[in-house]
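S.K.: One structure is given below, represented as structure tokens, and several questions about it will come after.
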Amino acid sequence: MNYPDEITYGNKADIISTVEFNHTGELLATGDKGGRVVIFQREQESKNQVHRRGEYNVYSTFQSHEPEFDYLKSLEIEEKINKIRWLPQQNAAYFLLSTNDKTVKLWKVSERDKRPEGYNLKDEEGRLRDPATITTLRVPVLRPMDLMVEATPRRVFANAHTYHINSISVNSDYETYMSADDLRINLWNFEITNQSFNIVDIKPANMEELTEVITAAEFHPHHCNTFVYSSSKGTIRLCDMRAPALCDRHTKFFEEPEDPSNRSFFSEIISSISDVKFSHSGRYIMTRDYLTVKVWDLNMENRPIETYQVHDYLRSKLCSLYENDCIFDKFECVWNGSDSVIMTGSYNNFFRMFDRNTKRDVTLEASRENSKPRAILKPRKVCVGGKRRKDEISVDSLDFSKKILHTAWHPSENIIAVAATNNLYIFQDKVN
Amino acid sequence: MFARGLKRKCSEEEAPADPLQRQSLLDMSLVKLQLCHMLAEPNLCRSVLIANTVRQIQEEMTQDGSWCLPGPQTAGRLPRDRLVSTEILCRSARAGPPQAPDPADLASALQAVPAIQVPGAVPAGPWGRAGPGESRGGFPRSLDQVFETLESHSPGAVEELFSDVDGPYYDLDAVLTGMVGGAKSGPEGLETFASAAARPPGTGCKADLGELDHVVEILVET
């Protein structure tokens, strides 16, 4: 893997809570804790500035969600954007779904670079002219104007989730999508906002019996009837919507048997899956739990085919991480375009990449001190004990407030976006 | 809250194996569950994971015999004794290299503990309403009594119980000072700790039963 080359970053007033490239990679959307969405667009390559290929610049900024107050429960509903998902582009406009804990919104982002001019119905000050004075029919003409990008909410899908929405996923039929909260998954049609189908419900009749929640869900990239959801007990269920309407009975159940030698009071917590992603091919799923990333073959339910250690040196620190709540951090994971490399974040602004073919892995850091434009990122290493070498960092010096939870990978190129608290880093492959 | 590096309250070992650390983990978990209920809306996943951890510790303590069902005669003394036992354990842990607390003291303190669910029974969990047959008002009263007994200890004792914990736990002190004593305890035991919601600080001294019910309703979500 070539080392990244160029970076750009932006300062956000708030913490970035989601990052997502669109299907072509031309656009990159971020959502933050303040309910805002910022979309970056990749510059077109120009012949004059070959070395400046593909910088991402701000394209549009809008307030997607506002804080709300649930009067029935006397509780505030956060405006934080939990997830953004793009719809495939079907015309000149771009569409994306953004969601907070309770409400999903469909946004249309479109450009306006012409405006009609030449109306003769109003005078120069904009006052309507007396119709008696209008003697000719003048058709307005479109004239160029400065490019304006506007975002308009086209649909609001509300009041369907009692619990906090953790995932949204657009179906490959492009007509439906699903939203998942802690206990339920709903299926929506994009055109219909006042009803949704409940397709998974794991809420027990007696809440006292609740021991497991849904943590993430995603549609299969090609089979519009298939989706998966992960749980806080480290299991993944694959469901087929052609089966009975309520997909409580899964088609496949993925779970790795527990390693008895590693058992502790924290075993369940660290097995809780924080993210699940289908590979682009649709043949594999990847899951992230607290210490590892696992790749599963859809045809093998009893164990993953690959397991990668993200930061195993934390295994002896679980009690402290439980105390300071870091053990509940939800890291995401992503595939590269060819499904050959997977990436996920860690602490101290480190993020990790694993090459599935060569089995090599690398730790990189997203920080302003270490990254100047066109600098090459240097691999980092955590020292787990014994003598610490010069460039290594010891486990006890790691900054646990600097966590990389959200990353994204361009669908076809080696461009990655890494969200480090309130900074966004974009790394690209070195041009040979 | 997230300091550089890691606090060494827990040992370096992955799992607290010995009973002192296990008790400490249990206390920490219960405090976390209380704080869960103080936030805008509790993170359900986190609450479930902590509750499962609490259950796991309880089960192991039952199997160990370090947690046993009380007789009816000890019902009235339960919460106080349980807290005393915790305090003894924490104090002796901090007294320096672990000199084993006087076995007689410890044994008697540990004997008089509140009931927990026998493994196999449906655990109440943090969303439990009071069990069938108990009034919903039952567990807030227990919680009041528990907090009252905590309060009635010397300030040093309470401090010691929480002295090593991070920032957010100090908010709990503010809550505790806002609570007032209630009536006699019920035999609900540990679940009541977890199940009743703590009130936000500064909202008055007397725990309003109606308000606690309302909060519990939110958590249980009919």
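As given, the protein sequences belong to chains A and B, one line each in that order.
Residue 291 in full-length UniProt numbering sits at position 291 of the first sequence; the count goes up by one each step and never skips.
Residue 50 in full-length UniProt numbering sits at position 50 of the second sequence; the count goes up by one each step and never skips.
Even for Gly, the Cβ is constructed at its ideal location relative to N, Cα and C.
Rounded to whole angstroms, how far is the Cβ of LEU321/A from the Cβ of THR30/A, which I believe are closer than 8 Å?
M.R.: Along the first sequence, one-based indexing puts residue 321/A at 321. Along the first sequence, one-based indexing puts residue 30/A at 30. The Cβ separation is near 27 Å, so there is no contact.
S.K.: Counting only beta-carbon atoms, is THR99/A nearer than 8 Å to chain E?
M.R.: Protein chains A and B are contained in the structure displayed, whereas chain E is not.
S.K.: Would you identify the three-state DSSP class for ASN262/A, choosing helix, strand or coil?
M.R.: Walking along the first sequence from the start, residue 262/A turns up at place 262. In the structure shown, ASN262/A sits in a helix (DSSP, three-state: H, G or I).
S.K.: Flag ASP113/A as yes when its Cβ comes closer than 7 Å to any non-hydrogen atom of the ligand MN, and as no otherwise.
M.R.: Summarising the ligand content, the structure contains no ligands, and the ligand MN is consequently not present.
S.K.: Between which two residues does the alpha helix (DSSP H) carrying TYR322/A extend?
M.R.: Residue 322/A sits at position 322 when you count from the first residue of the first sequence. Element bounds for TYR322/A: 318 to 323.
S.K.: With distances taken between CB atoms, is the gap from ILE81/A to SER98/A smaller than 8 Å?
M.R.: Here the question's residue 81/A lines up with position 81 in the first sequence. Here the question's residue 98/A lines up with position 98 in the first sequence. Yes.
S.K.: Rounding to the nearest angstrom, what Cα-Cα distance links ARG154/A and TRP107/A in this structure?
M.R.: The residue you call residue 154/A lines up with position 154 of the first sequence. The residue you call residue 107/A lines up with position 107 of the first sequence. If you take the alpha carbons of ARG154/A and TRP107/A, they lie about 6 Å apart.
S.K.: On the three-pair Cβ rule with 8 Å, is the region 358 to 368 of chain A touching the region 229 to 245 of chain A?
M.R.: no
S.K.: Could you tell me the boundaries of the beta strand (DSSP E) in which ASP32/A lies?
M.R.: Translated into positions along the first sequence, residue 32/A becomes position 32. Per DSSP, ASP32/A belongs to the beta strand (DSSP E) from 27 to 32.
S.K.: Jot down the residue ranges of each uninterrupted beta strand (DSSP E) in the region 279 to 359 of chain A, minimum 3 residues, whole runs only, in chain order.
M.R.: 284 to 288, 292 to 297, 306 to 309, 333 to 335, 341 to 345 and 350 to 355
S.K.: Taking 8 Å as the CB-CB cut-off, is PRO19/B touching chain A?
M.R.: Working through the second sequence from its first residue, we reach residue 19/B at position 19. So, not an interface residue.
S.K.: Flag PHE351/A as yes if its beta-carbon sits less than 8 Å from any beta-carbon of chain B, otherwise no.
M.R.: Position 351 of the first sequence holds residue 351/A. So no, PHE351/A is outside the interface.
S.K.: Using the C-alpha atoms, what's the distance from SER64/A back to ILE376/A?
M.R.: Translated into the one-based positions of the first sequence, residue 376/A becomes position 376. Translated into the one-based positions of the first sequence, residue 64/A becomes position 64. If you take the alpha carbons of ILE376/A and SER64/A, they lie about 35 Å apart.
S.K.: Looking at the C-beta of LEU33/B, does it have a partner C-beta in chain A at a distance below 8 Å?
M.R.: Here residue 33/B is taken as the residue at index 33 of the second sequence, counted from 1. It does not: the Cβ of LEU33/B has no partner Cβ on chain A nearer than 8 Å.
S.K.: Roughly how many whole angstroms lie between the Cα atoms of HIS311/A and SER110/A?
M.R.: Taking the first residue of the first sequence as 1, we reach residue 311/A at position 311. Taking the first residue of the first sequence as 1, we reach residue 110/A at position 110. Each residue's alpha carbon lies about 42 Å from the other.
S.K.: Nearest to HIS222/A by CA position, among ASN166/A, LEU318/A and ASP173/A, is which residue?
M.R.: As a working note, residue 222/A is residue 222 in the first sequence. For HIS222/A, the nearest C-alpha among the options comes from ASP173/A.
S.K.: Would you please verify whether the beta carbon of GLN56/B is less than 8 Å from any beta carbon of chain A?
M.R.: For the purposes of this step, residue 56/B is taken as the residue at position 56 of the second sequence. Yes, contact with chain A.
S.K.: Taking C-beta to C-beta, are VAL213/A and ASP259/A nearer than 8 Å?
M.R.: Translated into the one-based positions of the first sequence, residue 213/A becomes position 213. Translated into the one-based positions of the first sequence, residue 259/A becomes position 259. Going by C-beta atoms, VAL213/A is not nearer than 8 Å to ASP259/A.
S.K.: What does DSSP give as the partner residue(s) for TYR94/A in the beta ladder?
M.R.: Within the first sequence, the letter at position 94 stands for residue 94/A. DSSP, once it has assigned bridges, lists VAL109/A as partnering TYR94/A.
S.K.: What number of angstroms, rounded off, separates the C-alpha of ASN189/A from the C-alpha of TYR177/A?
M.R.: For the purposes of this step, residue 189/A is taken as the residue at position 189 of the first sequence. For the purposes of this step, residue 177/A is taken as the residue at position 177 of the first sequence. Roughly 7 Å between the two C-alpha positions.
S.K.: Quick one, are the C-beta atoms of PRO373/A and THR24/A less than 8 Å apart?
M.R.: Indexing the first sequence from 1 puts residue 373/A at position 373. Indexing the first sequence from 1 puts residue 24/A at position 24. Going by C-beta atoms, PRO373/A is not nearer than 8 Å to THR24/A.
S.K.: So PHE170/A and LEU75/A are in contact, right, with Cβ under 8 Å, and what is the actual spacing, rounded?
M.R.: Within the first sequence, numbered from 1, the residue matching residue 170/A stands at position 170. Within the first sequence, numbered from 1, the residue matching residue 75/A stands at position 75. At residue 170/A the sequence reads Val, which differs from the Phe that was named. About 29 Å separates the two Cβ atoms, so there is no contact after all.
S.K.: Run down chain A in chain order and give the residues with a C-beta less than 7 Å from the C-beta of GLU41/B.
M.R.: Indexing the second sequence from 1 puts residue 41/B at position 41. LEU75, listed in chain order.
S.K.: Beta-carbon within less than 6 Å of ARG143/A's beta-carbon, same chain only, minus the 5 sequence neighbours each way: which residues are those?
M.R.: Taking the first residue of the first sequence as 1, we reach residue 143/A at position 143. Cβ neighbours of ARG143/A beyond the five flanking positions: GLU117.
S.K.: What are the partner residues of TRP148/A, as DSSP defines its beta bridges?
M.R.: Locating residue 148/A in the first sequence gives position 148, counting from the first residue. The residue you asked about is not Trp; residue 148/A is Met in the sequence shown. MET148/A is bridged to ARG112/A.
S.K.: Along chain A, which residues have their Cβ under 9 Å away from the Cβ of LEU30/B?
M.R.: Sequence index remark: in the second sequence, residue 30/B carries index 30 (1-based). One finds nothing in chain A with a Cβ atom closer than 9 Å to the Cβ of LEU30/B; even the nearest lies about 13 Å away.
S.K.: Using the Cα positions of HIS161/A and ALA151/A, report the straight-line distance between them to the nearest angstrom.
M.R.: Locating residue 161/A in the first sequence gives position 161, counting from the first residue. Locating residue 151/A in the first sequence gives position 151, counting from the first residue. Using only the alpha carbons, I get a separation of about 25 Å.
S.K.: Less than 8 Å between CB atoms is the rule here; does SER412/A satisfy it with respect to chain B?
M.R.: Counted from its first residue, the first sequence places residue 412/A at position 412. False, the Cβ-Cβ gap to chain B never drops below 8 Å.
S.K.: Looking at the structure shown, is CYS383/A part of a helix, part of a strand, or coil, going by DSSP?
M.R.: Within the first sequence, residue 383/A is the residue found at index 383, counting from 1. CYS383/A falls in the strand class under three-state DSSP.
S.K.: How is the alpha helix (DSSP H) around GLN63/B delimited, first residue to last?
M.R.: Taking the first residue of the second sequence as 1, we reach residue 63/B at position 63. From DSSP, the alpha helix (DSSP H) with GLN63/B extends over 44 to 64.
S.K.: Using beta carbons (cut-off 8 Å, strictly below), is PHE265/A in contact with chain B?
M.R.: As a working note, residue 265/A is residue 265 in the first sequence. Yes, because at least one Cβ of chain B sits closer than 8 Å to the Cβ of PHE265/A.
S.K.: In the structure shown, what three-state DSSP assignment does THR103/A receive?
M.R.: The residue given as residue 103/A occupies position 103 in the first sequence. The answer is coil: DSSP assigns THR103/A none of H, G, I, E or B.
S.K.: Decide if ALA158/A is buried, meaning its Cβ has at least 16 other Cβ atoms within 10 Å, or exposed.
M.R.: For the purposes of this step, residue 158/A is taken as the residue at position 158 of the first sequence. It counts as exposed.
S.K.: Counting only C-beta atoms, is LEU49/B closer than 8 Å to chain A at any point?
M.R.: Working through the second sequence from its first residue, we reach residue 49/B at position 49. Output row for LEU49/B: interface = yes.
S.K.: Can you tell me whether ALA205/A is buried or exposed, with buried defined as 16 or more other CB within 10 angstroms of its CB?
M.R.: One-based indexing of the first sequence puts residue 205/A at position 205. Counting Cβ neighbours within 10 Å, ALA205/A comes out exposed, since fewer than 16 surround it.
S.K.: Return the chain-ordered list of same chain residues with a C-beta closer than 6 Å to the C-beta of ILE269/A, the five sequence neighbours on each side being excluded.
M.R.: Sequence index remark: in the first sequence, residue 269/A carries index 269 (1-based). Contacts found: ILE327.
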